[in-house]
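Quick note on numbering: the sequence shown equals residues 103 to 395 in the working numbering. One structure below.
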Amino acid sequence: MSRNLKGEVIVLKSTRLQEFHKLVHLLSPTIGVIQAIAHGAYKGKGKLGATTELFTCSTAYLYYDPVKKSYKITEMEPLSFFDSIRTDLTRFYTASLMAEVVLKSYGGGEGYDQVYRLLKDSLTVLDSAAPPERVEIQYLWRLVGLLGFRPNTESCSSCGRSFPGGARYRRGGEELLCEECAESLSEGIEEESVALSAGSLRYLAHTEALSLRESAAIGLERRSELDLLAFLHGLIQEIVEAPLLSLQAGPASLGKGAPRRSRMEGRPAQTPPRVRTEASGTRGEPEGGPSPE
Ligand SMILES: [Zn+2]
103 MSRNLKGEVI VLKSTRLQEF HKLVHLLSPT IGVIQAIAHG AYKGKGKLGA
153 TTELFTCSTA YLYYDPVKKS YKITEMEPLS FFDSIRTDLT RFYTASLMAE
203 VVLKSYGGGE GYDQVYRLLK DSLTVLDSAA PPERVEIQYL WRLVGLLGFR
253 PNTESCSSCG RSFPGGARYR RGGEELLCEE CAESLSEGIE EESVALSAGS
303 LRYLAHTEAL SLRESAAIGL ERRSELDLLA FLHGLIQEIV EAPLLSLQAG
353 PASLGKGAPR RSRMEGRPAQ TPPRVRTEAS GTRGEPEGGP SPE
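Following this line, the structure appears as structure tokens:
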């Protein structure tokens with residue numbers, strides 16, 4: 103492996119390391135999710151400070167130490183800071199959720215080049231005036247497709263009947279059911295489920311062929327938006343087999359007392375999920391993740 107690497111990256115997470123250094127999780131379209139150290143990023147004039155901020159997209163110059171098996175950031179040439187995301191709390195949390203899902207799915211297993219493109223597109227559209235909820239729906243729906251977990255939106259996964267009047271998603275599941283099957287499966291169990299209207303299902307099917315920006319411009323009723331988000335949040339957490347911290351910390355649940363950005367940093371390390379991929383499964387861990395010690 104070449105010791106010096108150059109390529110585009112997006113910062114998914116950043117954590118203070120000792121007094122002045124920063125440990126960043128990066129998504130690269132060619133090597134997936136990696137951890138790298140930005141030495142001196144917290145020093146007053148450290149030039150790596152701004153370019154290693156969350157969500158920043160840059161051309162990174164990395165040095166790989168094969169003995170320590172760790173990456174060091176030599177230089178970052180910023181391509182986009184996504185400033186509108188940083189100054190809008192809702193957009194910021196949407197981006198946080200996007201990044202967290204990438205981390206928890208290990209950059210999409212083998213498909214990290216596609217996940218990279220999806221994340222970059224989504225951040226770009228989220229950085230515009232597009233409604234953040236719709237960008238989030240599009241991002242999550244496309245991501246579950248890339249991960250190979252997209253449920254059938256045309257017919258019930260249990261009885262095979264089509265969904266003329268909408269479908270139901272039961273929490274803890276990865277499929278959509280018709281009303282009858284959802285009801286019979288839930289008999290005697292108090293559990294939450296989400297009803298998706300026929301219009302919501304049509305929206306998913308219709309937007310599939312469109313670009314993310316075009317999709318985000320298509321009108322959707324508020325009720326449908328919320329139902330689709332509830333469904334996709336449930337589904338993605340099943341897929342990555344972990345609760346999403348961004349959902350617990352988001353502005354929707356915290357209202358006015360939403361935390362400042364510093365709280366986003368220094369989160370506990372992510373544990374590897376068992377994302378099902380068709381590949382040989384050699385990517386049990388991200389390459390070269392150095393330990394912070
Ligand atoms: Zn059914």
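Backbone N, C-alpha and C define an ideal beta-carbon position, used for all residues, glycine too.
Which residues bound the beta strand (DSSP E) around LEU242? Along the sequence shown, one-based indexing puts residue 242 at 140. It is not in any beta strand (DSSP E) - LEU242 instead sits in the alpha helix (DSSP H) that spans 234 to 248.
Is any non-hydrogen atom of ligand 1 found closer than 6 Å to the C-beta of SER224, if you look at the structure I gave you? Within the sequence shown, residue 224 is the residue found at index 122, counting from 1. No, the beta carbon of SER224 sits no closer than 6 Å to any heavy atom of ligand 1.
Using the rule of at least 16 other Cβ atoms within 10 Å of the residue's Cβ for burial, across every protein chain shown, is GLU238 buried or exposed? Residue 238 sits at position 136 when you count from the first residue of the sequence shown. GLU238 should be labelled buried.
Is LYS145 helix, strand or coil by DSSP? To locate residue 145, count along the sequence shown from 1; it is residue 43. Here LYS145 sits in coil by DSSP.
The segment 248 to 266 / the segment 298 to 308 touching (three or more Cβ pairs under 8 Å): yes
Under 6 Å from any heavy atom of ligand 1, by CB: list those residues in chain order, please. CYS258, SER260, CYS261, ARG263, LEU279, CYS280, GLU282, CYS283
Span separating the alpha-carbon of ALA319 from that of LEU303: Along the sequence shown, one-based indexing puts residue 319 at 217. Along the sequence shown, one-based indexing puts residue 303 at 201. Cα to Cα, ALA319 sits roughly 17 Å from LEU303.
On the criterion of 16 or more Cβ atoms from any shown chain inside 10 Å, does HIS415 qualify as buried, or is it exposed? Beyond the ends of the chain as shown, which are 103 and 395, falls residue 415; an answer cannot be given.
Within 10 angstroms of the Cβ of LEU312, are there 16 or more other Cβ atoms? Answer buried if so, exposed if not. The sequence position of residue 312 within the sequence shown is 210, counting from 1. It counts as exposed.
May I ask you to report which of helix, strand or coil DSSP gives ASP167? By 1-based counting over the sequence shown, the position of residue 167 is 65. Residue state, collapsed to three classes: strand.
Report the option in GLU281, GLU282, SER288 whose CA atom is closest to the CA atom of GLY274. Counting from 1 along the sequence shown, the entry for residue 274 is found at position 172. Checked all of GLU281, GLU282, SER288; the closest Cα to GLY274 is SER288.
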